[in-house]
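S.K.:
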Amino acid sequence: MTTSPDPSGSTPRTRVLPVPAALSLPVVGDPSLRADGGAVASTITVADLERDVRTSTVEVRLLRSRTPAAAAAVGGSDVERSEPVWRSGGTDDRMPRFAPVGTRLAHLRAAEGRTTIRVLDLGRDLGRDLGRDLGSDLGRDLGVGPGTDAATDPATPATTEVLASWPTSIRRFAWDPTGTRVAALAVRHWDREASEPITVTTDSYKRDGEGLEPDLFDLLLVDATDGTCHRIAGPFTAAGDLGWSADGTEVLLCLPYDGRRWRWDVVAIPVAQEAGRAAPRTLTAHGDWDRASCPIGLPDGSVLYVGGRAGPGHAHVSLATAGGHGEDGAHGDDGDDGDDGDDGEVRHLTVTLDRNVTIGAPAYPGAPVRIDGDRVLFTANDDGCARLYAVALHGDAAPADPVPLTPSGEVITGMDARAGTVVVTVATATSPGELRVLDPDGGHHLVAAPAGVVELPWTVEPFRCRAADGAEVPGWLLRSRAAGPGPAPLLLDVHGGPHNASNGALTTANLHRTLLADEGWHVLLVNPRGSDGSGEAWYRGLEPSGGWASADTGDLLAAVDAAVERGIADPDRLAVTGYSYGGLMTALLTTRTDRFRAAALGGSLVDLRSFVVSSDLGPILAGLEVGGTPWSDGSGDVADRRSPIRAVGNVTTPTLVFHGTADQRSPVTQAEQWYQSLRALRVPCELVLYPGAPHGFVTGGRPSWVADAGRRVAAWILHHTP
Numbered sequence: 001m002t003t004s005p006d007p008s009g010s011t012p013r014t015r016v017l018p019v020p021a022a023l024s025l026p027v028v029g030d031p032s033l034r035a036d037g038g039a040v041a042s043t044i045t046v047a048d049l050e051r052d053v054r055t056s057t058v059e060v061r062l063l064r065s066r067t068p069a070a071a072a073a074v075g076g077s078d079v080e081r082s083e084p085v086w087r088s089g090g091t092d093d094r095m096p097r098f099a100p101v102g103t104r105l106a107h108l109r110a111a112e113g114r115t116t117i118r119v120l121d122l123g124r125d126l127g128r129d130l131g132r133d134l135g136s137d138l139g140r141d142l143g144v145g146p147g148t149d150a151a152t153d154p155a156t157p158a159t160t161e162v163l164a165s166w167p168t169s170i171r172r173f174a175w176d177p178t179g180t181r182v183a184a185l186a187v188r189h190w191d192r193e194a195s196e197p198i199t200v201t202t203d204s205y206k207r208d209g210e211g212l213e214p215d216l217f218d219l220l221l222v223d224a225t226d227g228t229c230h231r232i233a234g235p236f237t238a239a240g241d242l243g244w245s246a247d248g249t250e251v252l253l254c255l256p257y258d259g260r261r262w263r264w265d266v267v268a269i270p271v272a273q274e275a276g277r278a279a280p281r282t283l284t285a286h287g288d289w290d291r292a293s294c295p296i297g298l299p300d301g302s303v304l305y306v307g308g309r310a311g312p313g314h315a316h317v318s319l320a321t322a323g324g325h326g327e328d329g330a331h332g333d334d335g336d337d338g339d340d341g342d343d344g345e346v347r348h349l350t351v352t353l354d355r356n357v358t359i360g361a362p363a364y365p366g367a368p369v370r371i372d373g374d375r376v377l378f379t380a381n382d383d384g385c386a387r388l389y390a391v392a393l394h395g396d397a398a399p400a401d402p403v404p405l406t407p408s409g410e411v412i413t414g415m416d417a418r419a420g421t422v423v424v425t426v427a428t429a430t431s432p433g434e435l436r437v438l439d440p441d442g443g444h445h446l447v448a449a450p451a452g453v454v455e456l457p458w459t460v461e462p463f464r465c466r467a468a469d470g471a472e473v474p475g476w477l478l479r480s481r482a483a484g485p486g487p488a489p490l491l492l493d494v495h496g497g498p499h500n501a502s503n504g505a506l507t508t509a510n511l512h513r514t515l516l517a518d519e520g521w522h523v524l525l526v527n528p529r530g531s532d533g534s535g536e537a538w539y540r541g542l543e544p545s546g547g548w549a550s551a552d553t554g555d556l557l558a559a560v561d562a563a564v565e566r567g568i569a570d571p572d573r574l575a576v577t578g579y580s581y582g583g584l585m586t587a588l589l590t591t592r593t594d595r596f597r598a599a600a601l602g603g604s605l606v607d608l609r610s611f612v613v614s615s616d617l618g619p620i621l622a623g624l625e626v627g628g629t630p631w632s633d634g635s636g637d638v639a640d641r642r643s644p645i646r647a648v649g650n651v652t653t654p655t656l657v658f659h660g661t662a663d664q665r666s667p668v669t670q671a672e673q674w675y676q677s678l679r680a681l682r683v684p685c686e687l688v689l690y691p692g693a694p695h696g697f698v699t700g701g702r703p704s705w706v707a708d709a710g711r712r713v714a715a716w717i718l719h720h721t722p
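The numbering of the sequence shown is the UniProt record's numbering, which starts it at 1 and goes up by one.
Here's what the structure looks like:
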């Protein structure tokens, strides 16, 4: 990719920086326990730098019990570190799930443009029988991809006639309580010519990372023994998490209410009705801005799920008692409105914690909820880190206080619990992902740490300061080991969201931090108002001041002031960077101060008026974060006042702008507006475009993209902050 000379005629001569080793570290995640708790499956994801892809395989490890004497010799742990005894043979295998009974394991495999479910029976004697076959793939395709003909592919079971005519890929699946059937959510790709016009009649018609949304979703019931399947509901324009009723008679599916992506309900779909005609029964009652996920059916007919209360705020683990809600039943397929059901009640089990429950998503770590005996295990954001908690499933009307099970400062990225065993995958300050078993006494022991030992150029420490109004602003400081005594150059690195949060855990992204720390730079990670992890009042802290680009900017500058006053930062060697919402903050800060010697903003939004009508989440975020739509009374003026582009004439900071051309979350025109404005103002600037890259490319995109972005950001800052 070429670099354009700046308006003054001088081309930046930046150093060629190395690719940090963190990019290629293997990361373990998404654990699933066998029904007896004696084995665990997980994914191992690693960046293949030569092929420029990320590979993901499934590994199974036995959790071997130690003798009491052996346990005492290693500090009391009764389960030893385990090497994998089986590994899947694909390069894009994910979502391993052991059946709730027996020894079957299913996982998804993406290959040749489609994603299918594969099932194998590992058996309890896995180590003895299959250990020598490590690396072989014993899985069997269930045939729920594009129509497979058993006569020409005898290794694949025949599919039903109706399914064979559908080009499908599996998005997610869930075992039934007996371990003999699988409910699968299949995406039906729209078969059209590339030049065919697309007619849009809804407010949601595109999705970052996937493009336009002509696809539909079908709910399939698959026999795990022979692979036969049929549709039991659909098509749906969107669908979320899957679960089952405790008796196996209904599939629990999260669906958007009346097509609105900002409100999702849990609905129950009977499996015994005629294929394709099952009417959903709504089980949850939500406000206008809630999204239900992770449904689990209980024996008494109630459903456990994660969802919010009315209004934008924290999500909670909630329990909807038997009965159901439904209002106008707008989730039905094929014109069937469904059954409203009888009214029940909802109990929020985690409300006393004052922390936001997280279920895990790209750039938003956490884990789906699990039931462990008479308690519910869940993750919630605490000080920027997804932490594991337990709360009583049943009890008095007043919920008990949740109890933390993992220490503060570590980030839980996956979790499972069965037969009294609890496993987690966790990112720490020195590892992007390792597999642990939690001990009953509150400790833990390591099962797998494929990343090995990593030498980092910084130490991690909490950072606190006071804003102008006296509020405490939390954050983290990555203190460079290469920095000399006294103040050092400082990078202010602003997270996205805005309801995300920074932490000190190691990742395989954000490589600019490693490169700058190697050069003696400290990195300041601030969680201003609007960030997660410090209570609901802080999470909603931007609402009193009007939303984005209000009190958050003051919090960020207060943190920089504190770092300078404490002798941490050199006031003459400051830089700022951020991605997505962090890019918005970066642009905005450079319109309000010239104290930063360099700036780098990626995936940014700079014009809120156009953002709310061009982003895939624009209609949702318009009222929730921006203050309204351009056509609302006065709201267009509010968006304008908060948009950095309206004050771009104040910018003098040399600025790097980088963006994916396929970004649907923050369209690339946002970057172009900022770059062209700076060029016209003769501010040193550079625009770097990544062809075909979506919004999330900086964390989960091609390794070459991640490496390039990190190296460019670091090189730009070093060049302009000598």
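Here a beta-carbon is modelled for each residue, glycine too, at the ideal position from N, C-alpha and C.
Between the Cα of Met585 and those of Arg207, Gly497, Pro457, spot the shortest distance and give me the residue it belongs to.
M.R.: Ranking Arg207, Gly497, Pro457 by Cα distance to Met585 puts Gly497 first.
S.K.: Would you verify that the beta carbon of His522 is, or is not, closer than 8 Å to some beta carbon of chain C?
M.R.: Among the chains of the structure shown, chain C does not appear; only one protein chain is present.
S.K.: Leaving out five residues before and five after Phe236 in sequence, what residues of the same chain have Cβ atoms less than 7 Å from its Cβ?
M.R.: Result list for Phe236: Leu216, Phe217, Leu255, Asp333, in chain order.
S.K.: Comparing alpha-carbon positions, which option in Pro31, Val27, Glu50, Ser42 lies nearest Val19?
M.R.: The shortest C-alpha separation from Val19 is found at Glu50.
S.K.: Can you give me the Cβ contacts of Thr661 inside the same chain, cut-off strictly under 7 Å, excluding the 5 residues immediately before and after it?
M.R.: Result list for Thr661: Val668, Leu689, Tyr690, Pro691, Gly692, Ala693, in chain order.
S.K.: If you drop the 5 nearest sequence neighbours on each side, which residues of the same chain put their C-beta closer than 8 Å to that of Ala488?
M.R.: Same-chain partners within the cutoff: Ser480, Gly520, Trp521, His522, Ile568, Ala569, Asp570, Arg573.
S.K.: Give the DSSP-derived three-state secondary structure of Ala575 in the structure shown.
M.R.: Looking at Ala575 - three-state DSSP - the assignment turns out to be strand.
S.K.: Assuming the contact rule is C-beta atoms closer than 8 Å, Gly29 and Thr413 should be a hit. Round their C-beta distance to whole Å, please.
M.R.: Yes, they are in contact, since the Cβ atoms of Gly29 and Thr413 sit about 5 Å apart, within 8 Å.
S.K.: Following the continuous beta strand (DSSP E) through Asp439, name the residue where it begins and the one where it ends.
M.R.: Where Asp439 is concerned, there is no enclosing beta strand (DSSP E), given that its DSSP letter is neither H nor E.
S.K.: Suppose contacts are defined by Cβ-Cβ distances below 8 Å. Is Ser32 in contact with Arg97 by that definition?
M.R.: Result yes, Cβ atoms of Ser32 and Arg97 sit closer than 8 Å.
S.K.: What are the boundary residues of the alpha helix (DSSP H) that His695 is part of?
M.R.: First-last for His695: undefined, no H or E at that position.
S.K.: In the DSSP assignment, the beta strand (DSSP E) including Gly244 goes from what residue to what residue?
M.R.: Before going further, note that residue 244 is Trp rather than Gly in the sequence given. Segment 242 to 244, the beta strand (DSSP E) holding Trp244.
S.K.: Let me make sure I understand the geometry here. Which of Asp637, Trp716, Gly248 has the alpha-carbon closest to that of Gly179?
M.R.: Nearest C-alpha to Gly179: Gly248.
S.K.: Measuring straight from C-alpha to C-alpha, what distance separates Ala390 and Pro402?
M.R.: Roughly 5 Å between the two C-alpha positions.
S.K.: For Gly583 and Val638, I'd like the C-alpha separation in whole angstroms.
M.R.: Taking the straight line joining both Cα atoms gives about 19 Å.
S.K.: For Ala509 and Gly700, what's the separation of their Cα atoms in angstroms?
M.R.: Rounded to whole angstroms, Ala509 to Gly700 spans 8 Å at the Cα level.
S.K.: Entirely within the stretch 643 to 677 and at least 4 residues each: give me those alpha helix (DSSP H) ranges in chain order.
M.R.: For the stretch 643 to 677, not a single whole alpha helix (DSSP H) run of length 4 or above is found.
S.K.: What number of angstroms, rounded off, separates the C-alpha of Trp674 from the C-alpha of Ala587?
M.R.: So the alpha carbons of these two residues sit roughly 8 Å apart.
S.K.: Within 10 Å of its beta-carbon, does Ser195 have 16 or more other beta-carbons around it, so buried, or fewer, so exposed?
M.R.: Label assigned to Ser195: exposed.
S.K.: Skipping 5 residues on each side, what residues in its chain have a beta carbon closer than 6 Å to that of Thr379?
M.R.: Cβ within range, chain order: Thr358, Gly366, Ala367, Ala386, Leu388, Ile412.
S.K.: To the nearest angstrom, report how far apart Ile44 and Pro84 are at their CA atoms.
M.R.: For Ile44 and Pro84, the distance between alpha carbons rounds to 11 Å.
S.K.: Assuming Gly530 and Leu542 form a contact by the criterion Cβ under 8 Å, report the distance between their Cβ atoms to the nearest whole angstrom.
M.R.: Yes, Gly530 and Leu542 are in contact; Cβ-Cβ is about 4 Å, under 8 Å.
S.K.: Please state whether DSSP places Glu536 in a helix, a strand or coil.
M.R.: If DSSP states are grouped into helix, strand and coil, Glu536 belongs with the helices.
S.K.: If you check the beta carbons only, do Val473 and Asp555 fall under 8 Å apart?
M.R.: Yes. Within cutoff.
S.K.: Short of 8 Å in beta carbon distance, which residues of its chain neighbour Asp354, apart from the five on each side in sequence? Order them along the chain.
M.R.: His314, Gly535, Glu536, listed in sequence order.
S.K.: On the DSSP letters alone, give me the boundaries of the alpha helix (DSSP H) that Arg513 sits inside.
M.R.: Unbroken alpha helix (DSSP H) run through Arg513: 511 to 518.
S.K.: Taking the C-alpha atoms as reference points, what is the distance between Gly618 and His499?
M.R.: Those two C-alpha atoms are separated by around 16 Å.
S.K.: Could you check which residue in Gly102, Ala482, Leu319, Leu718 has the C-alpha nearest to that of Asp121?
M.R.: Minimum Cα distance to Asp121 is reached at Gly102.
S.K.: Short of 6 Å in beta carbon distance, which residues of its chain neighbour Ala110, apart from the five on each side in sequence? Order them along the chain.
M.R.: Closer than 6 Å at Cβ, skipping near neighbours: Asp92.
S.K.: By DSSP, does Val564 sit in helix, in strand, or in coil?
M.R.: Three-state DSSP puts Val564 in a helix.
S.K.: Ala35 bridges to which residues according to DSSP?
M.R.: For Ala35, which the question treats as bridged, DSSP gives no partner whatsoever.
S.K.: Are Pro644 and Pro684 close, meaning C-beta to C-beta below 8 Å?
M.R.: No. Outside cutoff.
S.K.: When you compare only the Cα positions, how much space is there between His512 and Val706?
M.R.: Rounded to the nearest angstrom, the two C-alpha atoms are 10 Å apart.
S.K.: Taking a contact to mean a Cβ-Cβ separation below 8 Å, would you say His316 touches Thr350 in this structure?
M.R.: Contact: yes.
S.K.: Closest by CA to Pro270, which one among Ala361, Ala563, Arg231, Ser610?
M.R.: That would be Arg231, whose Cα lies nearest to the Cα of Pro270.
S.K.: Who pairs with Trp264 in a beta bridge, going by DSSP?
M.R.: Looking at the DSSP assignment, Trp264 forms a beta bridge with Pro256, Arg291.
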